[in-house]
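**Student:** So for the sequence shown, the numbering used here puts the first residue at 10; every next one is plus one. Just so you know, even glycine gets a beta-carbon here, dropped at the ideal spot from N, CA and C.
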Amino acid sequence: MDKNVIEADFTGQEISALNRQNEALEWIEAGIKLLRDHGPHLITINDLCEKLEKPETEFNRIFKTKENYLFAILDHWYEKETLGYIDMMEEIGGSAENIIRAMVEVIHQADKQDEIAIRNWALKCPNAHAALAKVDRTRLDVASGLFKEIGFSENESKLRAKIMYTSSIGTYYTSISETLEHKKAMCELLLKRD
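1. Rounded to whole angstroms, what's the CA-CA distance from A152 to M195? Just pull it up for me.
2. Three or more C-beta pairs under 8 Å: does that hold for the segment 154 to 169 against the segment 98 to 107?
3. Count the CB pairs spanning the segment 38 to 53 and the segment 123 to 134 that are closer than 8 Å, and state whether there are at least three.
4. Here's the rule I'm using: 16 or more other beta-carbon atoms within 10 Å means buried, otherwise exposed. How should P64 be labelled?
5. Assign M97 to one of two classes, buried (16 or more other C-beta atoms within 10 Å of its C-beta) or exposed (fewer than that).
6. For the alpha helix (DSSP H) that contains R262, what are its first and last residues?
7. Using CA atoms only, rank isn't needed, just tell me which of T53, E90, R146, T66 is closest to E204.
8. State the DSSP-derived secondary structure class of I62, mapped to helix, strand or coil.
9. Can you look up E165 in the DSSP assignment and give me helix, strand or coil?
10. Which first and last residues belong to the alpha helix (DSSP H) in which T147 is found?
In structure tokens form, the structure reads like this:
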């Protein structure tokens with residue numbers, strides 16, 4: 010395909026915006042990796058610049074401050090690990106029961122290291138805690154809505170969503186390693202109507 014044809018679909022401003030997003034994403038992903046491997050106290054601009062072999066002026070051009078950068082990490086994580094999964098569930102479609110079953114499988118197979126790193130960061134940082142609260146609320150609201158769609162009451166839906174969510178998150182922090190089959194069995198118990 011002719012490169013000029015592709016570029017004709019975008020204005021110069023749109024191409025610049027896409028380039029800035031790609032540049033920012035590279036820095037954000039490097040920060041998430043540092044967070045996962047070493048914790049939030051080791052996310053320094055200097056370490057990031059060394060890791061990416063880029064000058065600090067580039068960091069400053071994109072993010073201006075470390076605080077902006079940390080917010081960008083949290084926003085990216087929310088979009089990828091929450092809104093991304095919600096979009097995936099909508100694409101799966103079908104009944105609410107099938108979406109919940111698919112959700113259990115997708116969550117089981119997901120890389121949990123970023124989740125653990127963000128949750129650990131949230132224990133010490135109010136901004137990370139606020140971002141995590143938004144993630145948890147969104148995820149619980151979606152799960153609760155699915156249980157409500159099945160026909161459970163508002164209260165039952167919230168409780169079932171909370172049980173499903175906290176049992177899923179909780180296994181990251183315990184020595185209890187749940188198999189996919191166990192998680193599916195727990196899901197079926199939550200889907201069962203009396």
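**Tutor:** Let me spell this out:
1. Taking the straight line from one Cα to the other gives about 15 Å.
2. Of all C-beta pairs linking the segment 154 to 169 to the segment 98 to 107, three or more are shorter than 8 Å, placing the two stretches in contact.
3. The segment 38 to 53 makes contact with the segment 123 to 134; the number of CB pairs closer than 8 Å reaches 3 or more.
4. Under this definition P64 is an exposed residue.
5. It is exposed - the Cβ of M97 has fewer than 16 other Cβ atoms within 10 Å.
6. Given that the chain is displayed from residue 10 to residue 203, the structure contains no residue 262 and the question cannot be resolved.
7. There is no way to answer for residue 204, as the model of the chain reaches only from 10 to 203.
8. It should be pointed out that residue 62 corresponds to Glu in this sequence rather than to Ile. Of the three classes helix, strand and coil, the one that applies to E62 here is coil, per DSSP.
9. In this structure, E165 counts as helix in the three-state DSSP scheme.
10. For T147, the uninterrupted alpha helix (DSSP H) segment begins and ends at 135 to 159.
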